[in-house]
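**Q** One structure, as structure tokens, below. Some questions next.
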Amino acid sequence: MTWHFMHDMFQMGLIWDDRDGFAVISPQRRYFYSFLRDDEDYLYLRSGTQTFKIRKSLSELPALLTDDEQKKLIALPLKGADKVLPAAEFKAPESPTIERKGGAFYYKGQELFSLAPMSADGSSPPGGFTEGGGSGKQYTETWLDLGNGRSILSLAETDNIQQVAPDFGTFYRYFFVDGSQSPVPLNGFAHWPISSIQMNPDGSWWLASRPNTVDSITARNMHMTGELSLLQPSGQSIQVNEQLKVREIEVLSRKEDGRLIFRAYTRTLERDNPAFGIYEIDTTGKLTKLSDLYGSAYVASDGDLWVADRDVNRIANLTKKHSKLWYDYEFPFDS
Numbered sequence: 060m061t062w063h064f065m066h067d068m069f070q071m072g073l074i075w076d077d078r079d080g081f082a083v084i085s086p087q088r089r090y091f092y093s094f095l096r097d098d099e100d101y102l103y104l105r106s107g108t109q110t111f112k113i114r115k116s117l118s119e120l121p122a123l124l125t126d127d128e129q130k131k132l133i134a135l136p137l138k139g140a141d142k143v144l145p146a147a148e149f150k151a152p153e154s155p156t157i158e159r160k161g162g163a164f165y166y167k168g169q170e171l172f173s174l175a176p177m178s179a180d181g182s183s184p185p186g187g188f189t190e191g192g193g194s195g196k197q198y199t200e201t202w203l204d205l206g207n208g209r210s211i212l213s214l215a216e217t218d219n220i221q222q223v224a225p226d227f228g229t230f231y232r233y234f235f236v237d238g239s240q241s242p243v244p245l246n247g248f249a250h251w252p253i254s255s256i257q258m259n260p261d262g263s264w265w266l267a268s269r270p271n272t273v274d275s276i277t278a279r280n281m282h283m284t285g286e287l288s289l290l291q292p293s294g295q296s297i298q299v300n301e302q303l304k305v306r307e308i309e310v311l312s313r314k315e316d317g318r319l320i321f322r323a324y325t326r327t328l329e330r331d332n333p334a335f336g337i338y339e340i341d342t343t344g345k346l347t348k349l350s351d352l353y354g355s356a357y358v359a360s361d362g363d364l365w366v367a368d369r370d371v372n373r374i375a376n377l378t379k380k381h382s383k384l385w386y387d388y389e390f391p392f393d394s
């Protein structure tokens, strides 16, 4: 029963629980896709087109919601990862402040970046710059006010030739702008925009893009990447994805002192990245790993941290250190 044969060759799950002991689990149909919300007694999890409710005590089998129960649940505002941090509201300036000279872009005479050699045509339609030579690329300037004379400048490059899915052809460059220094490039967020921002008590900011929390990749969402960065008052930024070498970060909760709980994962079939799991990070960038589990995760209304295993039908309360595994044949089926 070595790890090589049981885990790698036969794809068996080897699980230890302090209360239930050691278990060897064969591959099975998985039902727990993602958490929807919770109430005082139950967790609600999506399973394809169905929804299960699971008592928080884990003392009962999961139960399917009736049609009426599911309609009532859908009508309620759901607690999503993009609700943990406030929305980042970038706005177009009344008049462009970015100048283009040949293949370079400038802010108040300071060069922001240079492009590959191209036409020197610097004509600027409303809201942005368009390359000459029929390339169809447009550059659009927006700003996010951070207060006290500080801002984040966004310059989006859009390939207008891609009519079917314009997001595929859009790339972003972000800069921290403070009147006392040159604009500082921010790390990350090249292909999927900053969607959330939160100022912390120490004057730093969390910046995040909206993650795709499902386990599958499609042609429509493959370019979306959940990223997390810590922006310091100096303009320097720490890109947490790069630090952990993971593709996706989903922010689960934020504490009053600015600490975040998040999960690090990927939507591909990669399974052996030691960085996958649940973390806490403070506003200095210090990381603490809370769990190696990296299935769907959720912080309930009472503050407990829950994880639904990615490979088997197991729910774990990481806060209370309690878990429950059900076999696929135990689940109720919708007739």
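Add 59 to the 1-based position in the sequence shown for the working numbering, that's all there is to it.
All C-beta atoms in this analysis are idealised placements derived from N, C-alpha and C, irrespective of residue type, glycine included.
Using DSSP with H/G/I as helix, E/B as strand and the rest coil, what is Val305?
**A** In the structure shown, Val305 sits in coil (DSSP, three-state: anything other than H, G, I, E or B).
**Q** Please list the terminal residues of the continuous beta strand (DSSP E) segment that includes Asp218.
**A** Where Asp218 is concerned, the enclosing beta strand (DSSP E) stretches over 209–218.
**Q** Whole angstroms are fine: how far does the CA of Glu307 sit from the CA of Tyr101?
**A** Taking the straight line joining both Cα atoms gives about 28 Å.
**Q** Please state if the CB of Pro145 and the CB of Gln257 are separated by a distance shorter than 8 Å.
**A** Yes; because the gap between Cβ atoms is below 8 Å, this pair is in contact.
**Q** According to DSSP, is Glu315 part of a helix, a strand, or is it coil?
**A** It is coil, neither helix nor strand.
**Q** Determine contact between the stretch 359–366 and the stretch 96–110, defined as no fewer than three beta-carbon pairs at a distance below 8 Å.
**A** Segments in contact, yes.
**Q** Hey, could you find the ends of the alpha helix (DSSP H) Lys130 is sitting in?
**A** From DSSP, the alpha helix (DSSP H) with Lys130 extends over 126–134.
**Q** Taking Cβ to Cβ, would you say Tyr353 is nearer than 8 Å to Ala323?
**A** In this structure, Ala323 lies closer than 8 Å to Tyr353 by Cβ.
**Q** Would you decide whether Asp368 is buried or exposed? Buried here means 16 or more other CB atoms lie within 10 Å of its CB.
**A** Classification for Asp368: buried.
**Q** When burial is assigned at 16 or more other CB atoms within 10 Å of the CB, is Arg88 buried or exposed?
**A** Exposed, since its Cβ has fewer than 16 Cβ neighbours within 10 Å.
**Q** Using the three-state DSSP reduction, which class does Asn300 fall into: helix, strand or coil?
**A** DSSP places Asn300 in helix when its eight states are reduced to three.
**Q** Comparing the C-beta of Leu203 with each C-beta of chain D, is any distance below 8 Å?
**A** Protein chain content of the structure displayed is limited to a single chain, and chain D is not contained in it.
**Q** How long is the line joining the alpha carbons of Val243 and Asn271, rounded to whole angstroms?
**A** Approximately 28 Å between the Cα atoms of the pair.
**Q** Check Asp387 in the structure and name its three-state DSSP category.
**A** It is helical.
**Q** Which same chain residues end up closer than 7 Å to Asp141 when comparing Cβ atoms and leaving out the 5 residues on each side of it in sequence?
**A** With a pLDDT of 49 at Asp141, under the threshold of 50, the modelled position of this residue cannot be trusted; read the value that follows with caution. So the qualifying residues of the chain are Ser254, Ser255, Arg269.
**Q** If the criterion is Cβ atoms closer than 8 Å, does the pair Gly317 and Thr347 meet it?
**A** Their beta carbons are not under 8 Å apart, which means Gly317 does not touch Thr347 by this criterion.
**Q** Using three-state DSSP, classify Phe94 as helix, strand or coil.
**A** Note: Phe94 maps to strand in three-state DSSP.
**Q** On the three-state DSSP scale, how would you describe Phe227?
**A** In this structure, Phe227 counts as helix in the three-state DSSP scheme.
**Q** Taking only three categories from DSSP, how would you classify Asp331?
**A** Looking at Asp331 - three-state DSSP - the assignment turns out to be coil, as it is neither helix nor strand.
**Q** Please report the residue range of the beta strand (DSSP E) in which Ser355 lies.
**A** 355–358 is the span of the beta strand (DSSP E), which, as asked, contains Ser355.
**Q** Between Phe234 and Leu171, is the Cβ-Cβ spacing less than 8 Å?
**A** Result yes, Cβ atoms of Phe234 and Leu171 sit closer than 8 Å.
**Q** Alpha carbon to alpha carbon, how far is Lys131 from Tyr90?
**A** Roughly 21 Å separates the two Cα atoms.
**Q** To the nearest angstrom, how far is it from the Cα of Asp28 to the Cα of Leu120?
**A** Summary: the structure shown does not reach residue 28, with the chain confined to residues 60 through 394, and so no result is reported for it.
**Q** From the DSSP output, in three-state form, read off Arg373 for me.
**A** In this structure, Arg373 counts as strand in the three-state DSSP scheme.
**Q** Three-state secondary structure (DSSP) at Asp100?
**A** DSSP places Asp100 in coil when its eight states are reduced to three.
**Q** Please report the distance separating the alpha-carbon of Asp237 from that of Leu214.
**A** Near 16 Å, if we compare the C-alpha coordinates of Leu214 and Asp237.
**Q** Apply the 10 Å Cβ neighbour rule to Glu309 and answer buried if 16 or more other Cβ atoms are within range, or exposed otherwise.
**A** Buried.
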